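Following: one structure in C-alpha coordinates, then a few remarks.
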Amino acid sequence: MIRPGYSLLKSFFTVATALSQVGKVKGATTGNCSTQFFNQAVDHGSTKAGTFGQQYEILTDHFKPGGPILFWQQAETSSFGCMEQYIFPEWAAELGAMVISLEHRFFGLSTPSNASDVKERYKTLTLENVMLDAVTFVNHIKDTVKGAKNSKVILSGGSYGGFLATVFKMNYPNVFYGSIPFAAPLRSIGANNQNPQRFNWFKWANQIYWDLSAEAARKLQHAFKVLDSRFQSANDTTSIAEGFNLCTVPKTTEDLSMTMALINVVMFSIPLTSYNNPVANPSGASAQKLVNEILRLDDPIEIINASLSTYYPYLPCIQWDTTASANPTLEKDPFNYLLCNYFPLSSNEIPNGTIFVPTSIQTETDPQTCKSLYGLVPPTQDYVEKKYHITRDELVNAKRMLFAYAEMDPTTGVGIDPLPITQDRNASRYMFTSLAAHGEESLGGFPGDKPSVVHGRQVQLQTIKEWLGI
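With mature numbering (1 follows the signal peptide of the UniProt record, and there is no 0) applied, the sequence shown covers -27 to -1, 1 to 443.
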(Lines of atoms letter the chains of each structure in order from A and count residues from 1; the text may use other names and numbers.)
(Lines give C-alpha, C1' and ligand atoms only; values in the text may rest on other atoms or scores of the structure.)
Protein backbone atom coordinates (compact mmCIF):
# COMPACT_ATOMS: atom_id res chain seq x y z
CA MET A 1 0.00 0.00 0.00
CA ILE A 2 1.25 3.48 -0.80
CA ARG A 3 1.82 5.19 2.53
CA PRO A 4 2.17 8.91 1.84
CA GLY A 5 4.12 9.87 4.93
CA TYR A 6 6.23 12.90 4.20
CA SER A 7 9.29 14.63 5.46
CA LEU A 8 8.85 17.93 7.26
CA LEU A 9 8.87 20.08 4.13
CA LYS A 10 6.38 17.89 2.31
CA SER A 11 4.02 17.74 5.25
CA PHE A 12 4.39 21.48 5.65
CA PHE A 13 3.29 21.82 2.02
CA THR A 14 0.00 20.29 3.14
CA VAL A 15 -0.30 22.55 6.17
CA ALA A 16 0.81 25.69 4.40
CA THR A 17 -1.51 25.13 1.45
CA ALA A 18 -4.44 25.10 3.83
CA LEU A 19 -3.41 27.80 6.24
CA SER A 20 -2.56 30.37 3.61
CA GLN A 21 -5.94 30.33 1.87
CA VAL A 22 -7.39 33.36 3.66
CA GLY A 23 -4.23 35.28 2.80
CA LYS A 24 -4.57 34.15 -0.81
CA VAL A 25 -7.70 36.25 -1.21
CA LYS A 26 -6.22 39.33 0.33
CA GLY A 27 -2.82 38.95 -1.28
CA ALA A 28 -4.43 39.35 -4.67
CA THR A 29 -5.28 42.93 -3.75
CA THR A 30 -1.73 44.06 -3.02
CA GLY A 31 -1.10 47.46 -4.54
CA ASN A 32 -4.72 48.55 -4.21
CA CYS A 33 -4.21 50.04 -0.77
CA SER A 34 -1.92 52.55 0.84
CA THR A 35 0.45 51.19 3.48
CA GLN A 36 3.01 52.74 5.79
CA PHE A 37 6.06 51.61 7.75
CA PHE A 38 7.22 52.25 11.29
CA ASN A 39 10.42 51.34 13.11
CA GLN A 40 10.11 48.03 14.91
CA ALA A 41 12.72 46.38 17.14
CA VAL A 42 14.58 43.55 15.43
CA ASP A 43 14.71 41.75 18.79
CA HIS A 44 12.52 42.94 21.64
CA GLY A 45 14.88 41.22 24.06
CA SER A 46 17.90 43.28 22.98
CA THR A 47 18.30 47.03 22.70
CA LYS A 48 21.42 46.57 20.54
CA ALA A 49 19.77 44.63 17.71
CA GLY A 50 18.52 47.71 15.87
CA THR A 51 15.22 48.25 14.06
CA PHE A 52 13.51 47.36 10.78
CA GLY A 53 10.62 48.85 8.84
CA GLN A 54 7.39 46.95 9.51
CA GLN A 55 4.53 47.45 7.07
CA TYR A 56 1.02 48.31 8.19
CA GLU A 57 -2.27 49.75 6.99
CA ILE A 58 -4.63 52.08 8.83
CA LEU A 59 -8.18 53.13 7.88
CA THR A 60 -9.70 55.97 9.90
CA ASP A 61 -12.65 56.93 7.68
CA HIS A 62 -15.20 55.92 10.32
CA PHE A 63 -13.15 56.50 13.45
CA LYS A 64 -14.63 58.61 16.21
CA PRO A 65 -12.39 59.71 19.10
CA GLY A 66 -12.41 57.03 21.76
CA GLY A 67 -13.90 54.50 19.34
CA PRO A 68 -12.56 50.95 19.13
CA ILE A 69 -9.64 49.73 17.07
CA LEU A 70 -10.22 46.66 14.87
CA PHE A 71 -6.81 45.01 14.46
CA TRP A 72 -6.19 42.25 11.89
CA GLN A 73 -2.87 40.42 12.29
CA GLN A 74 -1.48 39.39 8.92
CA ALA A 75 0.07 35.96 8.68
CA GLU A 76 2.32 33.97 6.34
CA THR A 77 1.85 35.56 2.92
CA SER A 78 4.30 37.55 0.83
CA SER A 79 1.63 40.01 -0.32
CA PHE A 80 0.09 42.50 2.08
CA GLY A 81 -3.63 41.87 2.53
CA CYS A 82 -5.57 45.09 1.99
CA MET A 83 -8.17 45.76 4.65
CA GLU A 84 -10.60 47.03 2.00
CA GLN A 85 -11.19 43.38 1.08
CA TYR A 86 -12.15 42.35 4.62
CA ILE A 87 -15.35 42.71 6.62
CA PHE A 88 -13.77 45.11 9.12
CA PRO A 89 -14.40 48.42 7.29
CA GLU A 90 -18.10 47.49 7.20
CA TRP A 91 -18.03 46.83 10.94
CA ALA A 92 -16.06 50.03 11.53
CA ALA A 93 -18.91 52.05 9.99
CA GLU A 94 -21.27 50.72 12.67
CA LEU A 95 -18.80 50.92 15.53
CA GLY A 96 -17.11 54.26 14.89
CA ALA A 97 -13.89 52.28 14.71
CA MET A 98 -10.57 52.49 12.95
CA VAL A 99 -9.13 49.45 11.17
CA ILE A 100 -5.45 48.57 11.39
CA SER A 101 -3.37 45.67 10.13
CA LEU A 102 0.24 44.67 10.73
CA GLU A 103 2.44 42.60 8.44
CA HIS A 104 4.10 39.62 10.11
CA ARG A 105 7.86 39.91 10.57
CA PHE A 106 9.88 38.09 7.87
CA PHE A 107 6.96 38.14 5.44
CA GLY A 108 6.36 40.54 2.58
CA LEU A 109 8.35 43.74 3.00
CA SER A 110 8.84 43.42 6.77
CA THR A 111 12.32 41.92 6.92
CA PRO A 112 14.40 42.15 10.10
CA SER A 113 17.34 40.28 8.54
CA ASN A 114 18.70 39.25 5.14
CA ALA A 115 21.53 37.11 6.50
CA SER A 116 22.58 34.37 4.09
CA ASP A 117 22.75 31.77 6.85
CA VAL A 118 19.18 30.61 7.49
CA LYS A 119 19.69 30.06 11.22
CA GLU A 120 21.14 33.55 11.62
CA ARG A 121 18.46 35.10 9.42
CA TYR A 122 15.50 33.74 11.35
CA LYS A 123 16.87 33.69 14.89
CA THR A 124 14.53 36.54 15.86
CA LEU A 125 11.48 34.77 14.39
CA THR A 126 10.11 33.83 17.80
CA LEU A 127 6.56 33.93 19.08
CA GLU A 128 7.69 36.32 21.80
CA ASN A 129 8.92 38.81 19.19
CA VAL A 130 5.79 38.39 17.05
CA MET A 131 3.59 39.12 20.07
CA LEU A 132 5.61 42.18 21.06
CA ASP A 133 5.55 43.43 17.46
CA ALA A 134 1.77 43.63 17.79
CA VAL A 135 1.88 45.23 21.24
CA THR A 136 4.39 47.85 20.05
CA PHE A 137 2.29 48.51 16.95
CA VAL A 138 -0.85 49.11 19.00
CA ASN A 139 1.05 51.53 21.23
CA HIS A 140 2.37 53.31 18.12
CA ILE A 141 -1.16 53.77 16.78
CA LYS A 142 -2.49 55.01 20.11
CA ASP A 143 0.38 57.48 20.39
CA THR A 144 0.06 58.86 16.86
CA VAL A 145 -3.68 58.90 16.09
CA LYS A 146 -5.64 61.65 17.78
CA GLY A 147 -8.44 60.32 19.96
CA ALA A 148 -7.11 56.74 20.09
CA LYS A 149 -5.23 56.86 23.40
CA ASN A 150 -7.97 55.06 25.33
CA SER A 151 -9.46 53.05 22.46
CA LYS A 152 -10.21 49.39 23.11
CA VAL A 153 -8.56 46.96 20.69
CA ILE A 154 -10.52 44.08 19.15
CA LEU A 155 -8.06 41.64 17.61
CA SER A 156 -8.62 39.18 14.76
CA GLY A 157 -6.64 36.88 12.54
CA GLY A 158 -7.34 33.90 10.31
CA SER A 159 -5.89 30.38 10.38
CA TYR A 160 -2.28 30.72 11.61
CA GLY A 161 -3.29 34.33 12.23
CA GLY A 162 -6.15 32.93 14.33
CA PHE A 163 -3.60 31.07 16.41
CA LEU A 164 -1.78 34.38 16.86
CA ALA A 165 -5.01 36.21 17.73
CA THR A 166 -5.54 33.67 20.50
CA VAL A 167 -2.00 33.79 21.85
CA PHE A 168 -1.85 37.61 21.76
CA LYS A 169 -5.08 37.95 23.73
CA MET A 170 -4.14 35.32 26.30
CA ASN A 171 -0.69 36.77 26.95
CA TYR A 172 -1.50 40.50 26.69
CA PRO A 173 -5.11 40.85 27.88
CA ASN A 174 -4.49 44.45 28.97
CA VAL A 175 -3.56 45.41 25.40
CA PHE A 176 -6.18 43.38 23.53
CA TYR A 177 -9.67 43.91 24.94
CA GLY A 178 -11.34 41.28 22.77
CA SER A 179 -10.43 38.77 20.09
CA ILE A 180 -12.17 36.92 17.26
CA PRO A 181 -9.84 34.17 16.00
CA PHE A 182 -11.09 32.78 12.68
CA ALA A 183 -10.26 29.12 11.93
CA ALA A 184 -7.62 28.97 14.66
CA PRO A 185 -5.64 25.68 14.63
CA LEU A 186 -4.96 25.39 18.35
CA ARG A 187 -4.67 21.62 18.70
CA SER A 188 -2.78 18.82 16.90
CA ILE A 189 0.53 20.56 17.60
CA GLY A 190 3.76 18.61 17.92
CA ALA A 191 5.66 15.79 16.26
CA ASN A 192 3.28 13.12 15.01
CA ASN A 193 4.41 10.38 17.37
CA GLN A 194 3.60 12.72 20.30
CA ASN A 195 0.32 13.94 18.90
CA PRO A 196 -2.94 12.09 19.65
CA GLN A 197 -4.98 14.52 17.50
CA ARG A 198 -2.90 14.11 14.36
CA PHE A 199 -5.74 12.37 12.48
CA ASN A 200 -8.38 15.04 13.13
CA TRP A 201 -7.80 17.09 9.97
CA PHE A 202 -8.66 14.22 7.64
CA LYS A 203 -11.39 12.93 9.94
CA TRP A 204 -13.11 16.28 9.42
CA ALA A 205 -12.48 16.26 5.67
CA ASN A 206 -14.00 12.76 5.55
CA GLN A 207 -17.05 13.96 7.48
CA ILE A 208 -17.66 16.80 5.02
CA TYR A 209 -18.21 14.42 2.10
CA TRP A 210 -20.33 11.91 4.05
CA ASP A 211 -22.57 14.72 5.33
CA LEU A 212 -23.15 16.04 1.81
CA SER A 213 -23.94 12.67 0.23
CA ALA A 214 -23.53 9.14 1.58
CA GLU A 215 -23.76 7.80 -1.98
CA ALA A 216 -21.02 10.10 -3.27
CA ALA A 217 -18.84 9.34 -0.23
CA ARG A 218 -19.14 5.60 -0.86
CA LYS A 219 -18.13 6.16 -4.49
CA LEU A 220 -15.15 8.21 -3.37
CA GLN A 221 -14.12 5.58 -0.85
CA HIS A 222 -14.24 2.89 -3.53
CA ALA A 223 -12.34 5.12 -5.96
CA PHE A 224 -9.53 5.63 -3.45
CA LYS A 225 -9.32 1.87 -2.84
CA VAL A 226 -9.01 1.28 -6.57
CA LEU A 227 -6.44 4.08 -6.80
CA ASP A 228 -4.41 2.59 -3.96
CA SER A 229 -4.48 -0.85 -5.58
CA ARG A 230 -3.42 0.59 -8.90
CA PHE A 231 -0.54 2.50 -7.31
CA GLN A 232 0.63 -0.63 -5.44
CA SER A 233 0.82 -2.70 -8.59
CA ALA A 234 1.96 0.11 -10.84
CA ASN A 235 4.23 -1.30 -13.51
CA ASP A 236 3.11 1.08 -16.21
CA THR A 237 3.23 4.52 -14.61
CA THR A 238 2.90 6.13 -18.02
CA SER A 239 -0.73 5.03 -18.10
CA ILE A 240 -1.20 6.55 -14.65
CA ALA A 241 0.14 9.87 -15.90
CA GLU A 242 -2.16 9.73 -18.90
CA GLY A 243 -5.16 8.64 -16.84
CA PHE A 244 -4.81 11.54 -14.41
CA ASN A 245 -3.54 14.11 -16.92
CA LEU A 246 -0.23 14.52 -15.07
CA CYS A 247 2.39 16.81 -16.58
CA THR A 248 5.17 14.27 -15.99
CA VAL A 249 5.30 10.53 -15.37
CA PRO A 250 5.76 9.39 -11.73
CA LYS A 251 8.53 6.77 -11.80
CA THR A 252 9.12 5.69 -8.20
CA THR A 253 7.13 4.76 -5.11
CA GLU A 254 8.02 8.18 -3.72
CA ASP A 255 6.66 9.79 -6.88
CA LEU A 256 3.39 7.91 -6.50
CA SER A 257 3.28 8.91 -2.85
CA MET A 258 3.59 12.56 -3.85
CA THR A 259 0.83 12.11 -6.42
CA MET A 260 -1.43 10.63 -3.75
CA ALA A 261 -0.53 13.52 -1.45
CA LEU A 262 -1.56 16.02 -4.11
CA ILE A 263 -4.91 14.29 -4.57
CA ASN A 264 -5.45 14.39 -0.80
CA VAL A 265 -4.64 18.11 -0.70
CA VAL A 266 -7.10 18.73 -3.53
CA MET A 267 -9.81 16.77 -1.75
CA PHE A 268 -9.66 18.85 1.41
CA SER A 269 -8.87 22.13 -0.36
CA ILE A 270 -12.08 21.99 -2.41
CA PRO A 271 -14.36 22.45 0.64
CA LEU A 272 -11.80 24.55 2.52
CA THR A 273 -11.73 27.17 -0.25
CA SER A 274 -15.41 26.97 -1.26
CA TYR A 275 -16.03 30.70 -0.94
CA ASN A 276 -18.99 32.15 -2.83
CA ASN A 277 -16.96 35.28 -3.53
CA PRO A 278 -15.44 34.88 -7.03
CA VAL A 279 -12.36 36.89 -6.04
CA ALA A 280 -11.64 34.37 -3.31
CA ASN A 281 -12.65 31.33 -5.36
CA PRO A 282 -12.35 32.13 -9.08
CA SER A 283 -12.79 28.50 -10.15
CA GLY A 284 -16.06 28.22 -8.23
CA ALA A 285 -14.95 24.89 -6.74
CA SER A 286 -16.97 23.51 -3.85
CA ALA A 287 -17.54 20.16 -2.21
CA GLN A 288 -21.19 20.25 -3.29
CA LYS A 289 -20.17 20.85 -6.90
CA LEU A 290 -17.78 17.89 -6.73
CA VAL A 291 -20.40 15.69 -5.08
CA ASN A 292 -22.90 16.51 -7.82
CA GLU A 293 -20.33 15.48 -10.42
CA ILE A 294 -19.46 12.25 -8.60
CA LEU A 295 -23.11 11.21 -8.36
CA ARG A 296 -23.32 10.95 -12.14
CA LEU A 297 -20.08 8.92 -12.43
CA ASP A 298 -19.27 5.27 -11.80
CA ASP A 299 -15.72 4.81 -13.05
CA PRO A 300 -13.25 5.20 -10.11
CA ILE A 301 -10.61 6.93 -12.22
CA GLU A 302 -13.16 9.39 -13.56
CA ILE A 303 -14.22 10.13 -9.98
CA ILE A 304 -10.66 10.97 -8.90
CA ASN A 305 -10.21 12.99 -12.07
CA ALA A 306 -13.37 14.91 -11.23
CA SER A 307 -11.74 16.18 -8.04
CA LEU A 308 -8.63 17.32 -9.94
CA SER A 309 -10.59 19.04 -12.69
CA THR A 310 -12.91 20.70 -10.16
CA TYR A 311 -9.97 22.26 -8.33
CA TYR A 312 -7.76 22.89 -11.38
CA PRO A 313 -10.25 23.67 -14.17
CA TYR A 314 -7.88 25.89 -16.14
CA LEU A 315 -4.67 23.83 -16.09
CA PRO A 316 -3.62 21.92 -19.23
CA CYS A 317 -2.09 19.23 -16.98
CA ILE A 318 -1.55 18.50 -13.28
CA GLN A 319 1.92 19.08 -11.84
CA TRP A 320 2.38 16.60 -9.00
CA ASP A 321 6.17 16.95 -8.53
CA THR A 322 6.33 20.39 -6.98
CA THR A 323 6.85 21.57 -3.42
CA ALA A 324 5.28 24.91 -4.28
CA SER A 325 2.08 25.83 -2.51
CA ALA A 326 -1.23 26.14 -4.32
CA ASN A 327 -1.09 29.70 -3.02
CA PRO A 328 1.69 31.64 -4.81
CA THR A 329 1.66 34.33 -2.11
CA LEU A 330 2.83 31.92 0.61
CA GLU A 331 6.39 32.50 1.84
CA LYS A 332 7.52 28.98 2.67
CA ASP A 333 10.99 29.55 4.14
CA PRO A 334 10.03 31.69 7.14
CA PHE A 335 6.80 29.71 7.56
CA ASN A 336 8.70 26.42 7.73
CA TYR A 337 11.00 27.96 10.32
CA LEU A 338 8.18 29.12 12.58
CA LEU A 339 6.46 25.76 12.16
CA CYS A 340 9.60 24.17 13.58
CA ASN A 341 10.10 26.82 16.25
CA TYR A 342 6.69 27.28 17.87
CA PHE A 343 3.82 26.15 15.63
CA PRO A 344 4.45 22.52 14.51
CA LEU A 345 0.92 21.77 13.36
CA SER A 346 0.29 18.21 12.18
CA SER A 347 -2.49 17.78 9.63
CA ASN A 348 -1.35 15.12 7.18
CA GLU A 349 -2.11 11.82 8.93
CA ILE A 350 -5.06 9.71 7.73
CA PRO A 351 -6.59 6.96 9.93
CA ASN A 352 -8.28 3.78 8.78
CA GLY A 353 -11.97 3.97 7.95
CA THR A 354 -12.18 7.24 5.99
CA ILE A 355 -12.75 7.70 2.27
CA PHE A 356 -9.00 8.30 1.92
CA VAL A 357 -6.07 5.89 1.80
CA PRO A 358 -4.66 5.65 5.35
CA THR A 359 -1.12 6.80 6.11
CA SER A 360 1.42 5.20 8.39
CA ILE A 361 2.27 6.85 11.71
CA GLN A 362 5.33 9.03 11.39
CA THR A 363 8.02 8.78 14.03
CA GLU A 364 10.83 11.28 14.30
CA THR A 365 11.10 12.52 10.71
CA ASP A 366 9.80 16.01 11.38
CA PRO A 367 11.88 16.70 14.51
CA GLN A 368 14.99 15.39 12.76
CA THR A 369 14.37 17.64 9.77
CA CYS A 370 13.84 20.68 12.01
CA LYS A 371 17.07 19.92 13.81
CA SER A 372 19.09 19.43 10.63
CA LEU A 373 17.71 22.51 8.87
CA TYR A 374 17.46 24.98 11.72
CA GLY A 375 18.93 23.39 14.84
CA LEU A 376 15.44 23.39 16.39
CA VAL A 377 13.42 20.77 18.24
CA PRO A 378 9.67 21.32 17.68
CA PRO A 379 7.69 21.82 20.90
CA THR A 380 4.88 19.52 21.99
CA GLN A 381 1.20 20.40 22.32
CA ASP A 382 1.48 20.37 26.10
CA TYR A 383 4.47 22.73 26.04
CA VAL A 384 2.81 25.24 23.69
CA GLU A 385 -0.47 25.20 25.63
CA LYS A 386 1.18 25.78 28.99
CA LYS A 387 3.84 28.27 27.91
CA TYR A 388 1.44 30.49 25.96
CA HIS A 389 -1.57 30.04 28.24
CA ILE A 390 -3.90 28.36 25.75
CA THR A 391 -4.89 25.32 27.79
CA ARG A 392 -8.59 24.55 27.71
CA ASP A 393 -9.10 25.72 31.30
CA GLU A 394 -7.40 29.03 30.54
CA LEU A 395 -9.46 29.57 27.38
CA VAL A 396 -12.69 28.75 29.24
CA ASN A 397 -11.83 31.29 31.93
CA ALA A 398 -10.68 33.99 29.51
CA LYS A 399 -12.85 36.99 28.71
CA ARG A 400 -14.08 38.36 25.39
CA MET A 401 -12.90 35.75 22.90
CA LEU A 402 -15.12 34.40 20.12
CA PHE A 403 -13.67 31.38 18.32
CA ALA A 404 -15.16 31.15 14.82
CA TYR A 405 -15.08 27.79 13.01
CA ALA A 406 -16.73 26.56 9.81
CA GLU A 407 -18.40 23.41 8.51
CA MET A 408 -16.49 23.17 5.22
CA ASP A 409 -13.09 23.74 6.85
CA PRO A 410 -10.94 20.81 8.07
CA THR A 411 -9.15 23.31 10.32
CA THR A 412 -12.20 22.95 12.57
CA GLY A 413 -10.97 19.43 13.30
CA VAL A 414 -7.76 20.82 14.81
CA GLY A 415 -9.46 23.73 16.55
CA ILE A 416 -10.75 23.81 20.09
CA ASP A 417 -13.84 21.98 21.30
CA PRO A 418 -16.99 24.05 21.98
CA LEU A 419 -16.82 26.11 25.16
CA PRO A 420 -19.40 25.95 27.99
CA ILE A 421 -22.58 27.97 27.58
CA THR A 422 -22.95 30.77 30.11
CA GLN A 423 -25.10 33.83 30.73
CA ASP A 424 -21.95 35.96 30.99
CA ARG A 425 -21.80 37.88 27.71
CA ASN A 426 -18.11 38.64 28.29
CA ALA A 427 -17.21 34.97 28.61
CA SER A 428 -15.26 33.31 25.82
CA ARG A 429 -17.47 31.61 23.24
CA TYR A 430 -17.36 29.17 20.33
CA MET A 431 -19.38 29.58 17.14
CA PHE A 432 -19.81 27.28 14.15
CA THR A 433 -20.99 28.53 10.75
CA SER A 434 -22.77 25.99 8.53
CA LEU A 435 -21.54 25.68 4.92
CA ALA A 436 -18.81 28.30 5.49
CA ALA A 437 -15.30 27.89 4.09
CA HIS A 438 -11.98 28.67 5.78
CA GLY A 439 -12.37 32.02 7.57
CA GLU A 440 -15.11 33.03 5.14
CA GLU A 441 -16.83 35.47 7.49
CA SER A 442 -13.66 37.60 7.59
CA LEU A 443 -14.02 38.45 3.89
CA GLY A 444 -15.79 41.61 2.80
CA GLY A 445 -19.50 41.33 2.07
CA PHE A 446 -20.48 40.10 -1.40
CA PRO A 447 -23.99 40.07 -2.97
CA GLY A 448 -23.85 36.30 -3.44
CA ASP A 449 -22.72 35.48 0.11
CA LYS A 450 -24.16 32.37 1.76
CA PRO A 451 -26.97 33.30 4.19
CA SER A 452 -25.17 31.38 6.93
CA VAL A 453 -22.04 33.49 6.41
CA VAL A 454 -24.04 36.74 6.49
CA HIS A 455 -25.61 35.58 9.76
CA GLY A 456 -22.21 34.56 11.15
CA ARG A 457 -20.85 38.05 10.53
CA GLN A 458 -23.82 39.54 12.35
CA VAL A 459 -23.17 37.29 15.36
CA GLN A 460 -19.58 38.49 15.41
CA LEU A 461 -20.51 42.17 15.04
CA GLN A 462 -23.18 42.00 17.74
CA THR A 463 -20.74 40.22 20.04
CA ILE A 464 -18.26 43.10 19.63
CA LYS A 465 -21.07 45.55 20.45
CA GLU A 466 -21.85 43.56 23.60
CA TRP A 467 -18.21 43.65 24.66
CA LEU A 468 -18.01 47.40 24.09
CA GLY A 469 -21.37 48.18 25.66
CA ILE A 470 -22.67 49.76 22.46
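Ideal placement from N, C-alpha and C gives every residue a C-beta, glycine not left out. Remember, predicted model here, so these are calculated numbers, not experimental data.
- In the DSSP assignment, Ser242 falls within the alpha helix (DSSP H) that extends over 226 to 245.
- Three or more Cβ pairs closer than 8 angstroms define a contact, and the stretch 256 to 273 falls short of that threshold against the stretch 209 to 217.
- For Tyr29, the pairing in a beta bridge is given by DSSP as Gln9, Leu75.
- Only residues of its own chain outside the window of five on either side were considered, and among them Ala178, Pro383 have a CB closer than 6 angstroms to the CB of Phe241, listed in chain order.
- Looking at the DSSP output, Val126 shares a beta bridge with Ile42.
- The beta carbons of Phe53 and Gln28 sit closer together than 8 angstroms.
- Secondary structure of Tyr361 (DSSP, three-state): coil.
- Here Asp228 is buried, its C-beta having at least 16 other C-beta atoms within 10 Å.
- Rounded to whole angstroms, the gap between the alpha carbons of Asn123 and Phe175 is 45 angstroms.
- Under the three-state reduction of DSSP output, Met56 falls in the helix class.
- One alpha carbon belongs to Gly216, the other to Gln433, and they sit about 46 angstroms apart.
- Note: Tyr378 is bridge-paired with Phe405 in the DSSP secondary-structure output.
- In this structure, Ser425 is the residue among Ser425, Glu358, Pro420, Ser7 with its C-alpha nearest to the C-alpha of Gly412.
- In the three-state scheme derived from DSSP, where H, G and I count as helix and E and B as strand, Leu434 is classed as helix.
- Under the DSSP assignment, Gly216 falls in the alpha helix (DSSP H) whose first and last residues are 210 to 216.
- Boundaries of the beta strand (DSSP E) harbouring Ile153: 151 to 155, taken from the DSSP string.
- If you ignore the 5 residues before and after Pro391, its C-beta comes within less than 8 angstroms of the C-beta of Tyr403, Phe405, all in its own chain and listed in chain order.
- DSSP, read as helix, strand or coil, puts Ala138 in helix.
- Just so you know, the alpha carbons of Pro169 and Gly163 end up roughly 10 angstroms apart.
- According to the DSSP assignment, Asp116 belongs to the alpha helix (DSSP H) that extends over 100 to 117.
- According to DSSP, residue pairing for Ile162 in a beta bridge involves Leu318.
- Distance between Ser407 and Val427, taken at the CA atoms: about 11 angstroms.
- At the C-beta level, Tyr248 and Ala138 stay beyond 8 angstroms of one another.
- Comparing alpha carbon positions, the residue from Tyr361, Val369, Ser415, Ala400 closest to Ala379 is Ser415.
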